[in-house]
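Below: the structure, in structure tokens.
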Amino acid sequence: MAGSIPGSGFAEPALAVAAEPPLTDRRWDALRRAARARLAPFGAAVLLTAVVVALAAPLLAPYDPLAQDLGNILARPGRAHWLGTDNVGRDVLSRVIWGTRVSLVAGFVSVAIAATAGGVLGMLAGYAGGRADGVVMRLMDAVLSFPPLVLALALGAVLGAGLTGVLLALGVVYTPTFARLMRGQVLTVKTREYVDAARALGASGLWIARRHVLPNAATPIVVQASLSVAFAILAEASLSFLGLGVQPPAASWGSMINAGRGYLQQAPWIVFGPGAALFVTVVGLNFVGDAIRDGLDPRLTR
Amino acid sequence: MLLLVTGGVFLLLHLTPGDPIDAMMAESGDATARESLRRELGLDRPIAVQYVVWMGRLLRGDLGRSIRNGEPVIENVSRRIRPSLELALLAMTIAILVAFPVALVSAVRHNTAVDRLGTSFALLGICLPNFLLALLLIFVFGVTLRWLPISGYADPLDEGWSGVRSLVLPAVTLGLALAAVIMRTLRSSLLEALGEDYVRTARAKGLSEGLVIRSHVLRNALIPVVTVVGLQLGTLIGGAVITEYVFALPGVGRLVVDAVFARDYPLVQGVILLIALAFIVSNLLVDVLYGWIDPRIRIR
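Residue numbers (the working numbering), protein chains in the order written: chain G, 9 to 310; chain V, 283 to 582.
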């Protein structure tokens, strides 16, 4: 759990990974691994449930997430509505179920955008070096000189309210992390003997980059991506909470929580239904990310 | 660097779909009135010209005027700085007051139930989004127990106690998230420092345990904490934006959100630029702090 980010889900997990000092205490390490071995299945179960819920949302949701029932507003959780109803009588559980789609899409797509863009840019910077390196890395520095949430907020506004805007905004915000990581990796891999060997055999630059550098530089990118998904989900929820992202009446966890703010006293379930879903998902994904890191990164599993 | 940042901020806002004139005049306003307003604000000129004009003013310290209330951006911001600073200061104090004792106890009694409680608390603080924690606190202390006000702001420097009360929940929200990060880092770096040879030496020469911890362990464990807090500054600013939004605190973060949704270009540009500047400066301060904590690290 090195990607330690409070609150809004905006930060740079990669650097935090580097900043965590190695634990010298062997016993503690073993304990931690054991704890993780117990937690990873929990994380996997959460992830699996979330994916199934997202895919089968139309089948699982007991009600239409958009159907208003004005005769039955702010109903307490009960047999008819497991998580109660909101201020216009919509079933909270159904909206949480449909919101799962938004959250998962946001988490995976924005990280995919960032990993691809960052990967390509980092590869370009690291492999080509020289001016390309300078331009790309200055650009990344510029992105990093804004507080992430503020940047995403401004970008989201530029790209227009809606899920696509938020996905692209988060993609941009997370890109520098991947670009830096990739560049660093490529710089190391580039000096390996097998790269020299390939070049001596007459392979073209592009071929070497694709066949030799990329596979050997990809592991940290995968690790970083798996740790980032949870934070991307948090970030999407934060932006939706502020009013960007999926627009009403469609359901997303963040916007549901924002809408329920005014009813904390009469109907706290409007906030805490989606809140619990968000929290459990993020915790679960964190465990999965940790497990993937432990599995793929031999330096950390001594 | 700053050129890139300013250019970026400028372009960003001008690519925004949506017309600030619409925001200002609502649906009313006939075409001629709109055109004259557009000319007055310089929004009819080519983007490149607008940029040069804007940069020229920027270099003279003039960030332009808010489209909505017509006042200079600087004034808009400076009016909002006090609540934000008070919030940040209080949150930082709470974070340190919570994180240090918990981390110390966790590290010294590590692998015990106390330690596990501490680490679970940290995990909770990291995975619980800011706005959810805020609403949880509002629910418990504002709505159910009715101990504290749930929104609004009074300046503690002017209105004393009621001002402090208005800041308690926001500061705890922001402080706990930070406390979780500090605690985690401090705990693992304390554990590491406790295993070092110099600690054994200090104990061997008969120093009391308290003195060992204070002058040998804690001091050496601080560096990673400063690093992580430095890395988290941006996150902290983001957290402040959300916290101010939830608690309706009239701070800079709230100003950003309002300006973005009102499409008040000059105000958004100005505020984001100032925030980026503050962010860059505080990162520099973190670097200076390194040298102060650890004299071995001095900027070459």
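By construction, the Cβ of each residue, glycine as well, lies at the ideal position given by its N, Cα and C atoms.
Since this is a predicted model, take the numbers as computed values, not measurements.
Look at V:P354 here: in three-state DSSP terms it is strand.
Between the beta-carbon of V:N412 and that of V:A459 there is about 6 Å, and that keeps the pair under the 8 Å contact cut. With a minimum length of 4 residues, the unbroken runs of alpha helix (DSSP H) contained wholly in the segment 530-559 of chain V fall at 534-544. DSSP places V:T375 in the helix class (H, G or I) of the three-state scheme. Proximity of chain G to V:L504 at the Cβ level (cut-off 7 Å) is not reached, the minimal Cβ distance being about 12 Å. Scanning V:G521, V:V539, V:T517 and V:P506 for the CA closest to the CA of V:D569 turns up V:P506. In this structure, DSSP gives G:D204 a helical state, which the three-state scheme calls helix. If you draw a straight line from the Cα of G:F295 to the Cα of V:T375, it is about 30 Å long. V:R347 is bridged by DSSP to V:P354. For a Cβ distance threshold of 9 Å, residue set F413, V523, I524, Y527, V539, V542 and F543 of chain V lies close to G:L250, ordered along the chain. For V:V550, the neighbours in chain G by C-beta distance under 7 Å run, in chain order, A162. A check of alpha carbon separations from G:V166 across V:Y480, V:V542, V:V563 and V:E491 identifies V:V542 as the nearest. Rounded to the nearest whole angstrom, the C-alpha separation of G:V119 and G:V203 is 29 Å. Looking at V:L559, V:D479, V:P354 and V:D440, the one whose alpha-carbon comes closest to that of G:F154 is V:L559.
Counting other Cβ atoms within 10 Å of its Cβ, V:N351 stays below 16 and is therefore classed as exposed. The bridge partners DSSP lists for G:D99 are G:T93.
Cβ neighbours of G:W106 within its own chain (closer than 7 Å, five residues either side excluded): A65, A69, P73 and A259.
Counting of Cβ neighbours within 10 angstroms places V:Y527 among the buried residues, the total reaching 16 or more.
Around the beta carbon of V:T394, fewer than 16 other beta carbons lie within 10 angstroms, which makes this residue exposed. A check of alpha carbon separations from G:L159 across V:L468, V:F561 and V:L566 identifies V:F561 as the nearest. Neighbours of V:V359 in chain G, taken as residues whose beta carbon is under 8 Å from its own, are absent, since the nearest beta carbon is some 13 Å off. Counting only unbroken stretches of 3 or more residues, no beta strand (DSSP E) element lies wholly within the segment 225-255 of chain G. The closest CA to that of V:D437, considering only V:Q332, V:V334, V:N565 and V:L531, is found on V:L531. Taking each of G:Y182, G:P223, G:I265 and G:A240 in turn and checking the Cα distance to G:A123, the smallest one comes out for G:Y182. Apart from the 5 residues on each side of it in sequence, G:Y71 sits with its Cβ closer than 7 Å to the Cβ of D99 and S102 in its chain, given in chain order. At a cut-off of 4 residues, the continuous stretches assigned as alpha helix (DSSP H) that sit fully inside the segment 150-216 of chain G are 156-167, 171-198, 201-208 and 213-216.
Under the Cβ distance rule, G:S246 counts among the residues neighbouring chain V, one pair being separated by less than 8 Å. At a cut-off of 8 Å, the C-beta of G:L272 has a neighbouring C-beta in chain V. Interface criterion met: the Cβ of V:V425 is under 8 Å from a Cβ in chain G. Taking a contact to require three or more Cβ pairs closer than 8 Å, the segment 189-205 of chain G and the segment 248-266 of chain G do not qualify as touching. Taking all protein chains shown into account, V:W443 has fewer than 16 neighbouring C-beta atoms within 10 Å of its C-beta and is therefore exposed. Collapsing the DSSP output to three states places V:T455 in a helix. Around the beta carbon of V:T483, a 10 Å sphere encloses fewer than 16 other beta carbons of the protein chains shown; the residue is thus reported as exposed.
Looking only at G:I300, G:Q273 and G:D149, the smallest Cα-Cα distance to G:F186 is reached by G:D149. Distance check between G:W90 and each of G:I300, G:I216 and G:F280 places G:F280 closest, using alpha-carbon atoms only. Sequence-distant partners of G:G262 (beyond 5 residues in either direction) whose C-beta falls short of 6 Å from its own C-beta, in its chain, are A245, S248 and F249.
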